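Note that the working numbering numbers the sequence shown so that position 125 is 858, with each residue one more than the last.
Note that CB positions come from ideal geometry on N, CA and C, so glycine has one too.
Predicted, not measured: the structure shown is a model, and the values here were computed from it.
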Amino acid sequence: MFSNSPRQKQHGSALIVSLFVIVVMSLLAAAMIRVDWANQDITTKEVLGTRAWFTAHSANEVTLSELFPLNQPPNTAACTNTHFAPANNFHCSADVACTLHAVSGAEGTINTFYLVSTATCGSGENQVSRTQEAWAKEIQ
């Protein structure tokens, strides 16, 4: 009577099912950890890219303020290659290249300035670089 019962035939199947569930859950957890790790790397590069963009922008603005001081004529001597490091640099710096072009026209010669600022943030594998260009000309 007891030897033919359904429970005797299924003895030990719970162990196999529980092992299967543990293995599948472990694989899912490992996959989720990999996805989270990749998202952290992407977020780090996005933040560094934004910082590099703003550092390049700030470097161009500082150079423009030196080229065009308030209530004074343009300072063409300030058009040089410079290095810019912000106060809170977060491992960021920028190099600005300035090129002076004199354009002759009917109204005389007008100086134009071409600025290229390349900023780099981060270090090693997480180093990001951004470049911004700006044109400026004096008003007569």
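Residue i to residue j span [Cα, whole Å]
i: residue 883; j: residue 761; result: As displayed, the chain neither begins before 734 nor continues past 873, which places residue 883 out of reach and without an answer.
i: residue 815; j: residue 768; result: 41 Å
i: residue 763; j: residue 753; result: 16 Å
i: residue 775; j: residue 758; result: 26 Å
i: residue 799; j: residue 856; result: 30 Å
i: residue 786; j: residue 765; result: 32 Å
i: residue 802; j: residue 773; result: 43 Å
i: residue 822; j: residue 777; result: 16 Å
i: residue 871; j: residue 779; result: 36 Å
i: residue 797; j: residue 770; result: 41 Å
i: residue 745; j: residue 756; result: 17 Å
For residue j and residue i, believed in contact at Cβ under 8 Å, the rounded distance
i: residue 845; j: residue 867; result: About 11 Å; that fails the 8 Å criterion.
i: residue 843; j: residue 873; result: 7 Å
Beta-carbon spacing of residue i, residue j below 7 Å
i: residue 830; j: residue 817; result: no
i: residue 854; j: residue 833; result: no
Bridge partners - residue i, DSSP secondary structure assignment
i: residue 856; result: DSSP output for residue 856 lists no bridge partner at all.
i: residue 865; result: 850
i: residue 778; result: Answer is none; residue 778 lacks a bridge partner.
i: residue 814; result: The partner list for residue 814 (beta bridge, DSSP) is empty, contrary to what the question assumes.
i: residue 844; result: 835
Sufficient close CB pairs (3 or more, under 8 Å) joining the segment 786–800 to the segment 850–861: yes
Taking contact to mean 3 or more Cβ pairs, one atom from each stretch, closer than 8 Å, check whether the segment 855–864 and the segment 801–809 are in contact. No, because fewer than three Cβ pairs between the segment 855–864 and the segment 801–809 fall closer than 8 Å, the two stretches do not touch.
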